[in-house]
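Chains as they are written, first to last, in our numbering: chain X, 91 to 398; chain D, 199 to 314. Heads up, the beta-carbon is just placed ideally off N, CA and C, and yes, glycines get one too.
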């Protein structure tokens, strides 16, 4: 792939406004460039590949999608056909719709067919019972507080954050002081050269505060990340692809595998978006992330269940 | 009797937004007013009732919500579609509440002294 220095800022901004499906991004030195999908996927033969799935909402059965298990299965099946076995999967929350044991069971069964290690963070729909005790019992082994943790893989530091508990009236997503203190400590002493991938359910940038699409104390978290040369923030919650770049930090939200939600402000509420049957599979999907260790570049490829 | 009449009036008033939303089935089981939860809003967002009134929340969205008082005087369980929650307000005062899942959603119940 080419990495010339001649960045077309105007073209970049245009792309950043709305990232469509099937667009690949590569980030080098904090500067993102779009690149052909073929190139991004070709990179998977040599480099770290992991996948992101989000908002499976097992248990949802309303008009927007009456066969959620079917679309979740389709998302997992696509992951199974990737040319290279992903190193692992991230699930950025809302595994279930109502935190019911049967919903978690079915989600585990469907996601398990990928035969990948899965790193979870909870969505608000997963913490509805007993302050999240059932989520933590199932998915929170080795985590702290409400389920946050970090790990290293292939030289990349991954941080899973929880911003869906103890929310305050009038607010948005929230990390809280205890988690922020942990994050500061977790990052302290790490080389600024080490790539960082942060994943959490609700976006860590203010996508649309009017619908609560943001995290009220994310600025504090981002202040700890500022000194790192490459930071990628992967979120879900809004059931659509959006991307923003701020300095060395790239923010990216994934599609849901259950149902789409409207673009910010384009509907009366952020409730499930009902679309004609043929369109649904173009608005649902998963995300592939490719990390090229040798050059420090990272490509994010959104993969709808069906191409337009 | 005045309280009962007032409650019926409130009930009728409470029906107006429900009728507009095309969901006439969302009628409170009790003789108190209803707060409809729809489009990620509480409707009406501010409700004034005399002490002793039972208020019913009903979720008309495809997404679960709660009606939660931050001071923990009252708090609904998670309300899935068509689920209801009722609470009787005996003490005059102004009570704010929000949705624990979508905290940008907020509402107020103003409880006035019972008509004597």
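Is the shortest distance between the beta-carbon of residue 223 of chain D and the beta-carbons of chain X less than 8 Å? Residue confidence for residue 223 of chain D is low, a pLDDT of 39 falling below 50, so the modelled location carries little weight; the figure read from the coordinates is stated next. For residue 223 of chain D, the answer is no, since every Cβ of chain X falls outside 8 Å of its Cβ.
Go ahead and pull the three-state DSSP assignment for residue 206 of chain X. Three-state result, residue 206 of chain X: coil.
Is residue 111 of chain X helix, strand or coil when you go by DSSP? Low confidence applies to residue 111 of chain X: its pLDDT is 35, below 50, so where it sits in the model is not reliable, and the reading given next is rough at best. If DSSP states are grouped into helix, strand and coil, residue 111 of chain X belongs with coil.
Ignore the nearest five residues each way along the sequence and tell me which others in residue 217 of chain X's own chain have a CB closer than 8 Å to its CB. Same-chain partners within the cutoff: 189, 225, 236, 254 and 255.
May I ask you to list the residues that DSSP assigns as paired with residue 181 of chain X? Its beta-bridge partners are X:143 and X:210.
Between the stretch 245-265 of chain X and the stretch 288-301 of chain X, are three or more C-beta pairs nearer than 8 Å? With a cut-off of 8 Å, the stretch 288-301 of chain X and the stretch 245-265 of chain X count as touching, because enough Cβ pairs lie within range.
With a threshold of 8 Å, are at least 3 pairs of Cβ atoms found where one atom belongs to the stretch 295-304 of chain X and the other to the stretch 347-359 of chain X? They touch, by the three-pair rule.
Report, in whole angstroms, the separation of the C-beta atoms of residue 285 of chain D and residue 296 of chain D, which I expect to be a contact under 8 Å. With 8 Å as the limit, residue 285 of chain D and residue 296 of chain D do not qualify as a contact, their Cβ atoms being about 15 Å apart.
What residues in the stretch 298-313 of chain D have a beta carbon less than 9 Å from any beta carbon of chain X? Residues of the stretch 298-313 of chain D with a C-beta atom less than 9 Å from some C-beta of chain X are 298, 299, 300, 301, 302, 303 and 304, listed in chain order.
Residues of the stretch 240-271 of chain D with Cβ closer than 7 Å to any Cβ of chain X, in chain order: From the stretch 240-271 of chain D, only 259, 260, 261, 262 and 268 have a Cβ closer than 7 Å to chain X.
Ordered along the chain, which non-local residues of its own chain (more than five positions away) have a Cβ less than 8 Å from that of residue 232 of chain X? Its chain contains 239 as the residues whose beta carbon lies nearer than 8 Å to that of residue 232 of chain X, once the 5 sequence neighbours on both sides are disregarded; these appear in chain order.
With a threshold of 8 Å between beta-carbons, can residue 294 of chain D be considered close to chain X, or not? True, the Cβ-Cβ gap to chain X drops below 8 Å.
Along the stretch 352-379 of chain X, where does the CB come closer than 8 Å to a CB of chain D? Name the residues. Correct list: 358, 359, 360, 361 and 362.
Is there a Cβ of chain D sitting closer than 8 Å to that of residue 214 of chain X, yes or no? Yes, its Cβ sits closer than 8 Å to a Cβ of chain D.
Within-8 Å CB hit, residue 238 of chain D to chain X: Taking CB atoms only, residue 238 of chain D has a neighbour in chain X less than 8 Å away.
For a quick check, are the C-beta atoms of residue 252 of chain D and residue 230 of chain D less than 8 Å apart? Contact annotation: residue 252 of chain D and residue 230 of chain D have beta-carbon atoms nearer than 8 Å.
State the Cα-Cα distance for the pair residue 314 of chain X and residue 155 of chain X, rounded to the nearest angstrom. Those two C-alpha atoms are separated by around 40 Å.
Collapsed DSSP secondary structure at residue 288 of chain D in the structure displayed: Residue 288 of chain D falls in the coil class under three-state DSSP.
Given a cut-off of 8 Å, decide if residue 334 of chain X and residue 295 of chain X are closer than it, judged by their beta-carbon atoms. Taking the C-beta atoms as reference points, residue 334 of chain X is found nearer than 8 Å to residue 295 of chain X.
Span of the beta strand (DSSP E), counted from its first residue to its last, around residue 235 of chain D: Looking at the DSSP string, the run of the beta strand (DSSP E) that includes residue 235 of chain D is 232-236.
Please classify residue 278 of chain X as buried or exposed, where buried requires at least 16 neighbouring CB atoms within 10 angstroms. The residue is exposed, with fewer than 16 neighbouring Cβ atoms inside 10 Å.
Excluding sequence positions up to five away, which residues of its chain have a Cβ less than 7 Å from the Cβ of residue 142 of chain X? The answer, listed in chain order, is 180, 182, 324, 344, 376, 377 and 379.
Taking only beta carbons into account, state which residues of the stretch 237-269 of chain X come closer than 7 Å to chain D, listed in chain order. The residues in question are 257, 258, 259, 260, 261 and 262.
Cutoff 7 Å; reference residue 228 of chain X; Cβ partners in own chain excluding five residues on either side: Counting only Cβ-Cβ distances below 7 Å, and skipping sequence neighbours, we find 194.
Expressed to the nearest angstrom, what Euclidean distance is found between the alpha-carbon atoms of residue 112 of chain X and residue 305 of chain X? Model confidence at residue 112 of chain X stands at a pLDDT of 42, short of 50, so the residue's coordinates are unreliable; what they give is reported in the following sentence. A straight line joining the alpha-carbon of residue 112 of chain X with that of residue 305 of chain X spans about 27 Å.
Going by alpha carbons, who is nearest to residue 215 of chain X out of D:292, D:300, D:280 and D:290? Comparing Cα-Cα distances from residue 215 of chain X to each of D:292, D:300, D:280 and D:290, the minimum goes to D:300.
Hey, could you find the ends of the alpha helix (DSSP H) residue 275 of chain X is sitting in? Element bounds for residue 275 of chain X: 267-277.
Could you name the residues of chain D that residue 309 of chain X contacts, counting a contact when the two beta carbons are closer than 7 Å? Going along chain D, no residue has its Cβ under 7 Å from residue 309 of chain X, so there is no contact; the nearest lies around 18 Å.
Here's the rule: buried if 16 or more other CB atoms are within 10 angstroms of the residue's CB, otherwise exposed. What is residue 203 of chain X? Exposed.
Let me know if residue 340 of chain X comes out buried or exposed under the rule of 16 or more other beta-carbons within 10 Å of its beta-carbon. So residue 340 of chain X counts as buried.
Does the beta carbon of residue 220 of chain D sit closer than 8 Å to a beta carbon anywhere in chain X? Confidence in residue 220 of chain D is poor, its pLDDT being 37 and thus under 50, which makes the residue's placement too unreliable to answer from.
Got a sec? Which residues, its chain only, sit under 8 Å from residue 260 of chain D by beta carbon, not counting five neighbours each side? Within the same chain, residue 260 of chain D has close Cβ partners 279.
Hey, could you find the ends of the alpha helix (DSSP H) residue 369 of chain X is sitting in? First-last of the alpha helix (DSSP H) with residue 369 of chain X: 367-373.
Have a look at X:242, X:223 and X:187 and flag the residue whose alpha-carbon is nearest the alpha-carbon of residue 177 of chain X. It is X:242 whose Cα lies nearest to the Cα of residue 177 of chain X.
Pick out whichever of D:287, D:298 and D:306 has its Cα sitting closest to the Cα of residue 249 of chain D. Among D:287, D:298 and D:306, the Cα nearest to that of residue 249 of chain D belongs to D:287.
According to DSSP, is residue 273 of chain D part of a helix, a strand, or is it coil? Collapsing the DSSP output to three states places residue 273 of chain D in a strand.
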